Amino acid sequence: MSDNRGSFTSRIGFVLAAAGSAVGLGNIWRFPYLAAKNGGGIFLLIYILLVLTVGIALMTAEITLGRKTGLSVCSAFKKLNKKWAFVGVLGAIVPAIILPYYSVIGGWVLKYLVVYCEGFGDTAAADGFFGGFISSSASPLFWYVIFIGIVTIIIIYGVRKGIERASKILMPLLVILTVIVAIYSIFLPGAGEGLVYYLKPDFSHLSWSGVLGAMSQMFYSLSLAMGIMITYGSYVQKRENIETAVTHIALFDTAIAFLAGLMIIPAVFSFMGPEALNAGPGLMFITLPKVFKSMTAGGFIGATFFILVFFAALTSAISLMEAVVASFQDEFKFSRTKAIIATLIICVVLGVPSSMGNGAWSGFLIMGMDFLSFCDYISNNIMMPVVAVLTCVFVGYVIKPQAIIEEVELSNTFKKKKLFELSIKFFAPVGLFIILVSQFV
Ligand code: PHE
């Protein structure tokens, strides 16, 4: 592993780095709008079940694959079995699709951060503010460029220590603030109905697209099925207990997503009524400003909040960009500079249409989706499940679960190894396969 690879690579920082990658816009922006759209409680229930079975098993498999081989994604598969190298390649393409549109949303967060810091929080709460912003051409593009610029600078100068240390302080702060806003939201007038919607599974809301959404969200939120965890795993020491690390990362990530839902969904009922549940990607940006506006010191809380969300988004975007850059370095033997330039070219090609897709280029639809939603769909609903199924088959039937179990047991006994084996051989691949195929029938 070349040492100039920007680094969340310090060995001790592993859990933190992995959690920093996992906790991001997926938790705070994506989870609540998917839950709102797909029946609330039932979505939450399916999501949690998926994390506990497929998610934990797959994360264990990925981190252990990385530690076992000491290599990043493409090379790891290649080393274990040449014929399966293509899974690593597929996995390496996913972050290149996610990074551009992720950064577009990161730009939106940055815009809100600045609006709040300037003291114009109430403007952001006005009806139509968000729609007006994303449908303009220059402004979202400008913030996108700034966001990508910040990520690039960190990647160039290296992430050594700074970000990891900051995560230690900022992540707990994010939790505290999320809890405060969530508690406030629950007690808003009319929020009770939203609370019930979010917490009580109603099986009449069960739909395949909801199940598919929950599954894609699970991969996305845990940063799975794209080699990031394999790469991180390659920096884990042999004495580290992988099983507990994975449990902690998964629980922490799920807790933040849960809280974000609690913060946003009851407020939707309170301020806008159930019709607004379908708002989609804009939900967080539309609802939260209204919550902040109704709070005492809401401007200040809003500003702090968006700073923390920005930070969560940044750590995730760094892991995404690092993955793309590292793949260029490893696979094409690019120098670091050349790899960064290549990555930025992808960001222009995919990011500009994602940013413009809500405004000037909104007529340009692929399969009925604007460009940003299309990138999200292709990477999360198609590519990640495919990579995940292949990884399960690879671990379950090619190298065999025992290979993973032995590696985990270098440090501790693997308590849930039976569940792991069953998940990786049967539950996960069969379940994922059914869900994946069902969307085409
Ligand atoms: N897991 C991150 C989030 O929840 C997003 C992400 C996906 C980051 C894939 C890295 C890789 O926001």
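According to the numbering used here, the sequence shown holds residues 4 to 444 in order. We put the beta carbon where it would ideally sit given N, CA and C, even for glycine. Given the structure is predicted, the values throughout are model-derived calculations rather than measurements.
Legend entry - Where F80 falls, given that 16 or more other Cβ within 10 Å makes a residue buried: buried
Legend entry - Range covered by the alpha helix (DSSP H) that runs through A431: 431 to 441
Inset, instruction - State the beta-bridge partners of M372 as determined by DSSP. - result: I369
Legend entry - Local Cβ density within 10 Å of G434, reported as buried at 16 or more and exposed below that: buried
Legend entry - Local conformation of D125 per DSSP, three classes: helix
Legend entry - Where the alpha helix (DSSP H) through R339 begins and ends: 339 to 359
Inset, instruction - Keeping to the same chain, check which residues put their C-beta closer than 8 Å to that of N244; ignore five residues upstream and five downstream. - result: S414, N415
Legend entry - Contact set for A263: own chain, Cβ-Cβ below 7 Å, skip 5 residues either direction: N30, I31, F34, P35, T181
Legend entry - Cβ contact check for the region 206 to 219 and the region 378 to 390: 3 or more pairs under 8 Å: yes
Inset, instruction - Counting only the same chain and skipping the five closest in sequence on each side, list residues whose C-beta sits under 8 Å from that of P192. - result: S273
Legend entry - Cβ contact (3+ pairs, closer than 8 Å) linking the region 56 to 72 and the region 290 to 302: no
Legend entry - Any non-hydrogen atom of ligand 1 closer than 6 Å to L198 Cβ: no
Inset, instruction - Tell me whether N84 sits in a helix, a strand or coil according to DSSP, three-state version. - result: coil
Legend entry - E412 classed as buried or exposed, judged by whether at least 16 other C-beta atoms fall within 10 angstroms: exposed
Legend entry - Inter-residue spacing [alpha-carbon to alpha-carbon] between P292 and G124: 7 Å
Inset, instruction - Would you mind working out which of P204, V249, A20, I231 sits nearest V92, comparing C-alpha positions? - result: I231
Inset, instruction - Give the secondary structure of T257 by DSSP, where H, G and I count as helix, E and B as strand, and everything else as coil. - result: helix
Legend entry - Proximity test, S106 beta-carbon vs ligand 1 heavy atom, cut-off 6 Å: no
Inset, instruction - Could you pull the start and end residues of the alpha helix (DSSP H) that T318 belongs to? - result: 301 to 335
Inset, instruction - Would you mind giving the Cβ-Cβ distance between A39 and L209, rounded to the nearest angstrom? I have them listed as a contact below 8 Å. - result: Actually they are not in contact, since the Cβ atoms of A39 and L209 sit about 15 Å apart, beyond 8 Å.
Legend entry - Sufficient close CB pairs (3 or more, under 8 Å) joining the region 245 to 262 to the region 50 to 64: yes
Legend entry - Span of the alpha helix (DSSP H) around F150: 141 to 160
Legend entry - Buried or exposed by the 16-neighbour rule on C-beta atoms within 10 Å, applied to G27: buried
Inset, instruction - Please name the residue in G44, A88, V154, S140 whose C-alpha comes closest to that of E334. - result: A88
Legend entry - Per-residue burial, T394 [other beta carbons within 10 Å of its own, 16 or more giving buried]: buried
Legend entry - Where the alpha helix (DSSP H) through Y223 begins and ends: 211 to 224
Inset, instruction - List the endpoints of the continuous alpha helix (DSSP H) containing M451. - result: What is shown of the chain runs 4 to 444, which leaves residue 451 out entirely.
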